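Numbering (our numbering), first residue to last: 6 to 922.
Glycine included, every Cβ here is placed at the ideal spot set by N, Cα and C.
Note that the structure is a prediction, hence the values are computed from the model and not measured.
Input: a single structure, listed below in structure tokens.
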Amino acid sequence: MNDVNRHRVRQPTDGSTQEKNVGQPGPVVDQADGRGSDEERRRLELERYREERERERRRLERDAKRKELEKEQQRLERERRQKEELENERRRAEEAEMRLKLEVETQKKEAAWLREKERRRTEEAELERQRKRREWEEAERKRQEEVAAVERRRQEEAERRRQEEAERRRQEEAERRRQEEERRRQEEERRRREEERRRQEEERQRREEEERKRLEEEQRRERERLERQRAEREAQRLAAIEKRRREEQEALQKKMEEIKYREERKRKAEAKVTRQLIVHGSNLVTLGAGLEVKRVIPGFDLCSITIRELPLNANRSEITNIFREQGMDDTMFQFVSCRTEGNTQVAKFLLRAEEAQAIAIGLEDLEFHDSFIKLEVGGNASWGSMTVSSQTDQARTLTIIWNTPSATMIATYDTVDEAMLKVKEHHGKTINGRKINATMNTRRGGRAAKQRVEASVRLANLDPEIEPIEMTALAGTPLVRAIKSNVYDLEWFLSWLKEALEGEGCIDGSFETTKIDGNRMKAVAKFTSRDALEKAATTLERGKHISFTGQGPSLRVIVPTEHRYTITISKLQYRAQKAQWDAMAEGRRGRKAFVRVNERRNGQVLINVEGSDQQEMGPLKVRVEGLVVGERLDAEHWHSSFLHSEKTLREKVSAETGAFLSVDRRFHALRVFGGSNDVAAAKDCIREEVQKLALKEYEIPIARQSVRFFVATGLQILNDALGEDNVTLDVASQACKLKLRGGDDALQHARKLVEEAITAAADGIVPADENSEDDAICPICYDTASHPEVLGCGHSCCELCLRHYLTSAATSKKFPLVCMGDEAACNTPISIPIIQRYLTKQRLNHLIDVAFSSHIQSNPQKFKYCTTPDCTQIYQCDTGKQFHKCPSCFSEICSSCNQEAHEVKQRQEMSIVQHPD
6 MNDVNRHRVR
16 QPTDGSTQEK
26 NVGQPGPVVD
36 QADGRGSDEE
46 RRRLELERYR
56 EERERERRRL
66 ERDAKRKELE
76 KEQQRLERER
86 RQKEELENER
96 RRAEEAEMRL
106 KLEVETQKKE
116 AAWLREKERR
126 RTEEAELERQ
136 RKRREWEEAE
146 RKRQEEVAAV
156 ERRRQEEAER
166 RRQEEAERRR
176 QEEAERRRQE
186 EERRRQEEER
196 RRREEERRRQ
206 EEERQRREEE
216 ERKRLEEEQR
226 RERERLERQR
236 AEREAQRLAA
246 IEKRRREEQE
256 ALQKKMEEIK
266 YREERKRKAE
276 AKVTRQLIVH
286 GSNLVTLGAG
296 LEVKRVIPGF
306 DLCSITIREL
316 PLNANRSEIT
326 NIFREQGMDD
336 TMFQFVSCRT
346 EGNTQVAKFL
356 LRAEEAQAIA
366 IGLEDLEFHD
376 SFIKLEVGGN
386 ASWGSMTVSS
396 QTDQARTLTI
406 IWNTPSATMI
416 ATYDTVDEAM
426 LKVKEHHGKT
436 INGRKINATM
446 NTRRGGRAAK
456 QRVEASVRLA
466 NLDPEIEPIE
476 MTALAGTPLV
486 RAIKSNVYDL
496 EWFLSWLKEA
506 LEGEGCIDGS
516 FETTKIDGNR
526 MKAVAKFTSR
536 DALEKAATTL
546 ERGKHISFTG
556 QGPSLRVIVP
566 TEHRYTITIS
576 KLQYRAQKAQ
586 WDAMAEGRRG
596 RKAFVRVNER
606 RNGQVLINVE
616 GSDQQEMGPL
626 KVRVEGLVVG
636 ERLDAEHWHS
646 SFLHSEKTLR
656 EKVSAETGAF
666 LSVDRRFHAL
676 RVFGGSNDVA
686 AAKDCIREEV
696 QKLALKEYEI
706 PIARQSVRFF
716 VATGLQILND
726 ALGEDNVTLD
736 VASQACKLKL
746 RGGDDALQHA
756 RKLVEEAITA
766 AADGIVPADE
776 NSEDDAICPI
786 CYDTASHPEV
796 LGCGHSCCEL
806 CLRHYLTSAA
816 TSKKFPLVCM
826 GDEAACNTPI
836 SIPIIQRYLT
846 KQRLNHLIDV
856 AFSSHIQSNP
866 QKFKYCTTPD
876 CTQIYQCDTG
886 KQFHKCPSCF
896 SEICSSCNQE
906 AHEVKQRQEM
916 SIVQHPD
């Protein structure tokens, strides 16, 4: 049957269309008789199928009888084996009884043999004792004979010794008399020689005394000559030393004057130093000495300007000169970044919006280094703020998705289990470039429910040209039938869709179609306006009825949101804040503003704020941005080692508390993300880690020529500030090291002293000598300044006093920071470089934030915060604008009443109510 279907060939329909069965011989059947022959083949196939089922039944019966015979044979075999096992058990019992009897007889024989052996051993022991006694008696007799012989020999030897002793005494007496005579003779000779030697010694001493007196006289005269020469040389040396000392004092005085002049110039230059930076995320602030706020461009008025097509050889100074040549000073703009794009550079600056517009017009098509630059004015995108992802083209682009033409068939099987196996086997297979979608045929309503068989499979996404008879081989069953499917003319539908969209205002050439996968297609079209897009979408929604008449597919029309703002966060941060994100996104779908979260495979999570009403989106966007930036922790939760151990600390905090942690390298601070309980636990964990790091010993290498500075004064300064147990100067190692314990403040203090040591070594100054002559009074503690720091006004403060004054300024909130000399009447601001030397970067950033907040609070008529809750943007009231628009929450504020924007008449009425006078 399969061979017949496989070899059927379709001939061109030119009036004589025929089908030829190549697999079997027979007459050619034309199309008119095709239907009858198909029914006959199906009938024959069913008869053959029934015969095969009958043969299968008979085979199963034979198998059942064969199994019964095998079971009977197995039973008889088991009975035979049981009888053999009983017989073997009886034989084993008899053999065990025989072995027991043999063992008893063997034990009796062994006992008799042991008794005989013991008797023989006793007799042998008695004989051995008698033999040993005889041997002992014989040995005793021999010993006594030997003792008697020894005694005789001893007596003979004593007699011989007595005779020898008498002879020896006679010889000694004769020798003694001879020696006595010899001694008397030698004594007389000695006395004679001694007398002669005495006379010679007296003569020698007389001659030596005369020689000594002569030599002493010569030495005295020589000493007098040498003393005169030494006095002359000493006078010359002292004159040279005095001359060299005067020259060194003059050189040192000149050098000290140069150093003082240089320090004075340095202090004056530092007093003029200003710092320009972004504060509170979006405000461009210029700070002067004492952290005094000189200029503020609030976030409402700040914008970015991007310069493109800059040559690669252009440096930062040349680029910033573009603005200076337009009459702007450095406080009116800030350089943000410069990056390379292809063969050009792109630079970004921040400045006031009105000035940016004027600059963009004035510098249009400006020639710079033989090339023309391009300027783009953008919004104020602060750190952590969302970016606009709904560009104009995307907001006006309509997307339509539909299923491609396909056929669906039902294959019926004998059992449900067989049908489920076929689903697993066929699902996902590719036929004619299409992946089959195989599922169980579930019950549906309507007339089709009467024809449903439970053991059937639904095969979808088939080629529309395929016939049911061709699917029998693949399905493994002859019972395959076609049902109503998604079959239509694709070319006609695409033509209809294009005409429908162009009739609603689609831009010419913007209609494009692409294939998504083997089952779906997509079409996009761009419109000139949002109204035209929505009208076209409505038209397509009404045109969906074409699918019910068989002329086209069912459509999915995707209308993009009018506004969309997006930001990307890591998946770890999202998981830590998931409860907060879920609470924010819950129940807002379908409103004019909502949050949509999209988790990506690359480990990033895309947070979108979408909607049609920008005013309603603003507060929601502010809340999302606040959640994204997290909570920035203070100096109590910071250590500089976190810059290098961020991953380890993050994993530890996440494992212990569930919160997410990141390092903000701009402010040298930690940001923590998560629920309130998780954040509180993370703070405790971080604080413990900071305390552990404060107990750790750190090594700071110092140059050998800087050791003198630390021995003289630097080590004492650190001991006073940190304690003697926490500071050690190691000069025994090959490389000199300063070892200390403490946090970032201690490391900052030590690094400052290392810089001072390098400067002192280069200038050749001994700090102890310099300090010993300085009797300046510290204006903070009113005592002699210890290790003084000279301010720009000339007053000197103790190092520890000045450090305490600067670190406590954040709580006092008195700005600018000024000198307290002359009974607190000096009021000269402390320069920014001095503040930077005494504070860590984290504490300095916090102090700048406090100084800016204090400036805003002290100028309530000039600066105000945005009226939207949680929005931290600031605007300037006296700019002459009628309305102020917030760049974060998009709210508009009236400049007269500082409330939400309204009509002029309403504003006048509100002004009368608020100020009746």
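Problem set entry | valine 278 - DSSP class collapsed to helix/strand/coil | Looking at valine 278 - three-state DSSP - the assignment turns out to be coil, as it is neither helix nor strand.
Exercise. By Cβ distance below 8 Å, which residues in the same chain neighbour asparagine 288 in space, the five residues on each side in sequence not counted?
Worked result: Val301, Ile302, Pro303, Gly304, Leu307, Phe857, Ile879, listed in sequence order.
For this session: Just mark glutamate 186 as buried or exposed, buried being the case when its beta carbon has 16 or more other beta carbons within 10 Å.
Result: Using a 10 angstroms sphere on the CB of glutamate 186, the tally of other CB atoms stays under 16, which defines it as exposed.
Exercise. If we count the other Cβ atoms within 10 Å of its Cβ and call it buried at 16 or more, is phenylalanine 888 buried or exposed?
Worked result: So phenylalanine 888 ends up on the exposed side.
Exercise. Beta-carbon of isoleucine 572 versus every beta-carbon of chain C: anything under 7 Å?
Worked result: In the displayed structure, chain C is absent; only one protein chain is listed.
For this session: May I ask which residues mark the beginning and end of the alpha helix (DSSP H) holding tyrosine 810?
Result: Per DSSP, tyrosine 810 belongs to the alpha helix (DSSP H) from 804-812.
For this session: Note the first and the last residue of the continuous beta strand (DSSP E) segment covering glutamate 702.
Result: Counting along the chain, the beta strand (DSSP E) containing glutamate 702 begins and ends at 702-706.
Exercise. Helix, strand or coil: which one does DSSP assign to aspartate 735?
Worked result: Strand, per DSSP.
Problem set entry | Where aspartate 780 sits in the DSSP three-state scheme | Of the three classes helix, strand and coil, the one that applies to aspartate 780 here is coil, per DSSP.
Exercise. What are the boundary residues of the alpha helix (DSSP H) that includes histidine 889?
Worked result: That residue, histidine 889, is in no alpha helix (DSSP H); its beta strand (DSSP E) goes 888-890.
Exercise. Buried or exposed: where does tyrosine 266 fall if 16 or more other Cβ atoms within 10 Å of its Cβ makes it buried?
Worked result: By the 16-neighbour rule on beta-carbons within 10 angstroms, tyrosine 266 is exposed.
Exercise. Beta carbon of alanine 762: closer than 6 Å to some heavy atom of the ligand ADP?
Worked result: Among the components modelled here there is no ligand, and therefore nothing to report on the ligand ADP.
For this session: Starting from the N-terminal side, write out each stretch of the alpha helix (DSSP H) that is 4 residues or longer and does not extend beyond the segment 314-357.
Result: The segment 314-357 contains these whole alpha helix (DSSP H) runs: 321-329.
Exercise. Excluding five sequence neighbours on each side, which residues of the same chain lie with their C-beta closer than 8 Å to the C-beta of leucine 727?
Worked result: Excluding five sequence positions before and after leucine 727, the CB atoms of its chain that fall closer than 8 Å to its own CB belong to Leu745, Arg746, Gly747, Ala751, His754, given in chain order.
Exercise. Does the segment 272-281 come within contact of the segment 313-326, defined as at least 3 CB pairs closer than 8 Å?
Worked result: Touching, no, given that fewer than three Cβ pairs across the two stretches are closer than 8 Å.
Problem set entry | Nearest to alanine 412 (by Cα), restricted to the options Glu567, Glu470, Arg182, Trp501 | Among Glu567, Glu470, Arg182, Trp501, the Cα nearest to that of alanine 412 belongs to Glu470.
Exercise. Do you know how far the Cα of isoleucine 574 is from the Cα of threonine 518?
Worked result: Straight-line Cα distance between these residues: approximately 33 Å.
Exercise. Who does arginine 746 pair with in a DSSP beta bridge?
Worked result: Its beta-bridge partners are Glu702.
Exercise. When you compare each of Gln721, Tyr493, Ala708 to alanine 766 by their alpha carbons, which one comes out closest?
Worked result: Measuring from the Cα of alanine 766, the nearest candidate turns out to be Ala708.
Problem set entry | Spatial distance of lysine 867 from glutamine 585 (CA atoms) | Cα to Cα, lysine 867 sits roughly 36 Å from glutamine 585.
Exercise. Taking the continuous beta strand (DSSP E) assigned at glutamate 897, which residues delimit it?
Worked result: Element bounds for glutamate 897: 897-899.
For this session: State the CB to CB distance for the pair leucine 506 and alanine 487, rounded to an integer number of angstroms; the pair is presumed to be in contact (CB under 8 Å).
Result: Not really, about 33 Å apart at Cβ, beyond 8 Å.
Exercise. Count the other CB atoms within 10 Å of the CB of alanine 231; is the residue buried (16 or more) or exposed (fewer)?
Worked result: The sequence shown places leucine at residue 231, not alanine. Taking every protein chain shown into account, the CB of leucine 231 has fewer than 16 other CB atoms within 10 angstroms, so this residue is exposed.
For this session: Please name the residue in Thr733, Asp725, Ser813, Ile837 whose C-alpha comes closest to that of serine 791.
Result: With distances taken between Cα atoms, serine 791 lies closest to Asp725.
Exercise. Alpha carbon to alpha carbon, what distance is there between glycine 293 and proline 821?
Worked result: Rounded to whole angstroms, proline 821 to glycine 293 spans 9 Å at the Cα level.
Problem set entry | Top-ranked residue by Cα proximity to valine 855, from Val290, Arg175, Val627, Glu133 | The residue with the shortest Cα to Cα distance from valine 855 is Val290.
Problem set entry | First and last residue of the uninterrupted alpha helix (DSSP H) at serine 500 | Serine 500 -> alpha helix (DSSP H) spans 495-508.
For this session: Could you check the C-alpha separation between isoleucine 264 and aspartate 780 for me, to the nearest Å?
Result: CA-to-CA, the gap between isoleucine 264 and aspartate 780 works out to about 19 Å.
For this session: Would you kindly report the start and end of the unbroken alpha helix (DSSP H) that includes alanine 590?
Result: Per DSSP, alanine 590 belongs to the alpha helix (DSSP H) from 583-590.
Problem set entry | Contacts around arginine 655, its chain only, beta-carbon distance under 8 Å, and the 5 residues preceding and following it disregarded | Apart from sequence neighbours up to five positions away, the residues of its chain that approach arginine 655 with a beta-carbon distance below 8 Å are Leu577, Phe665, Leu666, Ser667, ordered along the chain.
Exercise. When burial is assigned at 16 or more other CB atoms within 10 Å of the CB, is tyrosine 810 buried or exposed?
Worked result: Looking at its Cβ environment, which holds 16 or more other Cβ atoms inside 10 Å, tyrosine 810 is buried.
Exercise. Mind checking proline 874: buried by the 16 CB within 10 Å criterion, or exposed?
Worked result: By the neighbour-count criterion, in which 16 or more other beta carbons inside 10 Å mark a residue as buried, proline 874 falls on the exposed side.
Exercise. So what does DSSP say about asparagine 885, is it helix, strand or coil?
Worked result: Before going further, note that residue 885 is glycine rather than asparagine in the sequence given. Coil.
Exercise. Measuring CB to CB, does valine 610 end up less than 7 Å from tyrosine 579?
Worked result: Going by C-beta atoms, valine 610 is nearer than 7 Å to tyrosine 579.
Exercise. Isoleucine 840 lies in the beta strand (DSSP E); which residues open and close that run?
Worked result: Looking at the DSSP string, isoleucine 840 is not in any beta strand (DSSP E); the run it does join, the alpha helix (DSSP H), is 837-843.
Exercise. What are the partner residues of histidine 568, as DSSP defines its beta bridges?
Worked result: Looking at the DSSP assignment, histidine 568 forms a beta bridge with Gly616.
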